[in-house]
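Protein chains in written order, with our numbering: chain A, 1390 to 1490; chain D, 244 to 405.
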């Protein structure tokens, strides 16, 4: 089972737990397993079939944007870290769709 | 974790000045960073200027690798982001729609500095404001600048009243 580190803003889905276990061979499967145990969390992470623009997911310290996205392999001993982007600014861009919250 | 909705940001002068200096240095691009503090303390203790990976006058974003390193470090030190700051360089020191949409740390004080209208010049007055951003709702709070935290009452006396 991989360990998944949950950011503060999503701990409402994990009863306040900072880390939970999840099973799956890829990030997509890990997220499905998370959803099975923590209903609602998937929608906060994904926008359709993609990871939201302002959500960062790392497998063993590698940003999955550079390792195959949701198809990135997750070893049994892996640590998956989810972090909302720290971003903003004066621009009135249409960022809402990609935000985690 | 304790409820920290006391509507005031208490920050020491040196950290406040470091945020302002960073904003001026990076003008006309937006500057950004974090002040970490012990979990639950509500005390911004460790100033961490971050690179604006967007390098833009209207947008900021921490580099994703830097972000992971930062959170790992805070985790190891039992810290949390007490303050998340950034500058606006042509608009007021108030959260924009983008800031509100992307705010993902409900426990943090979001500090905004504006370097517009010549405020990027050292020695000129500068807007330095603090906000809570929770569930899309923005609440401005008082900023109390102290010489050092030793002068302030322990945080336990600052109880939150709604």
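The C-beta atom is built at its ideal place from N, Cα and C for all residues, glycine as well.
{"Item": "Closer than 7 Å at the beta carbon, the chain A residues around residue 382 (chain D)", "Value": "Chain A residues near residue 382 (chain D): none, gap ~16 Å exceeds 7 Å."}
{"Item": "C-beta atoms of residue 1471 (chain A) and residue 1434 (chain A) nearer than 9 Å", "Value": "yes"}
{"Item": "Stretch-stretch touch, CB-based, cutoff 8 Å, three pairs: the segment 249-260 of chain D with the segment 374-387 of chain D", "Value": "yes"}
{"Item": "As assigned by DSSP and simplified to three states, the class of residue 1411 (chain A)", "Value": "strand"}
{"Item": "Where residue 263 (chain D) falls: helix, strand or coil (DSSP)", "Value": "helix"}
{"Item": "Close Cβ partners of residue 303 (chain D) (< 7 Å) along its chain, the five nearest in sequence each way excluded", "Value": "273, 275, 295, 297 and 329"}
{"Item": "Contact set between residue 328 (chain D) and chain A, taken where Cβ atoms lie within less than 9 Å", "Value": "Near residue 328 (chain D) there are no residues of chain A at all, since even the closest Cβ is about 10 Å away, more than 9 Å."}
{"Item": "Where residue 1402 (chain A) meets chain D, residues with beta-carbon distance less than 9 Å", "Value": "The premise fails here: residue 1402 (chain A) is roughly 14 Å from chain D at the closest Cβ pair, so nothing lies under 9 Å."}
{"Item": "Minimum Cβ-Cβ distance from residue 344 (chain D) to chain A less than 9 Å", "Value": "yes"}
{"Item": "Closer than 7 Å at the beta carbon, the chain A residues around residue 292 (chain D)", "Value": "None at all; the shortest Cβ gap to chain A is about 13 Å."}
{"Item": "Any chain D beta carbon closer than 9 Å to residue 1476 (chain A)", "Value": "yes"}
{"Item": "Per DSSP, cross-strand counterpart(s) of residue 280 (chain D)", "Value": "D:323"}
{"Item": "Cβ neighbours of residue 1432 (chain A) in the same chain (closer than 7 Å, five flanking residues each side left out)", "Value": "none"}
{"Item": "C-beta neighbour in chain A for residue 263 (chain D), strict 9 Å", "Value": "no"}
{"Item": "Nonlocal neighbours in the same chain, by C-beta distance under 6 Å from residue 305 (chain D), ignoring five residues either side", "Value": "293"}
{"Item": "Option in D:372, D:380, D:289 and D:260 with minimal Cα separation from residue 331 (chain D)", "Value": "D:372"}
{"Item": "Exposure of residue 350 (chain D), with buried meaning 16 or more beta-carbon neighbours within 10 Å", "Value": "buried"}
{"Item": "Residue 1488 (chain A) at chain D interface by Cβ criterion, 9 Å", "Value": "yes"}
{"Item": "Residue environment, residue 1455 (chain A), which counts as buried when at least 16 other CB atoms sit within 10 Å", "Value": "exposed"}
{"Item": "DSSP state of residue 258 (chain D) mapped onto helix, strand, coil", "Value": "helix"}
{"Item": "Residue 311 (chain D) vs residue 1452 (chain A) beta-carbon contact at 9 Å", "Value": "yes"}
{"Item": "Coarse secondary structure for residue 1449 (chain A), derived from DSSP in three states", "Value": "coil"}
{"Item": "Candidates A:1395, A:1412 and A:1425, of which the one nearest residue 1405 (chain A) by Cα", "Value": "A:1395"}
{"Item": "Short Cβ contact (9 Å threshold) for residue 1473 (chain A) with residue 345 (chain D)", "Value": "yes"}
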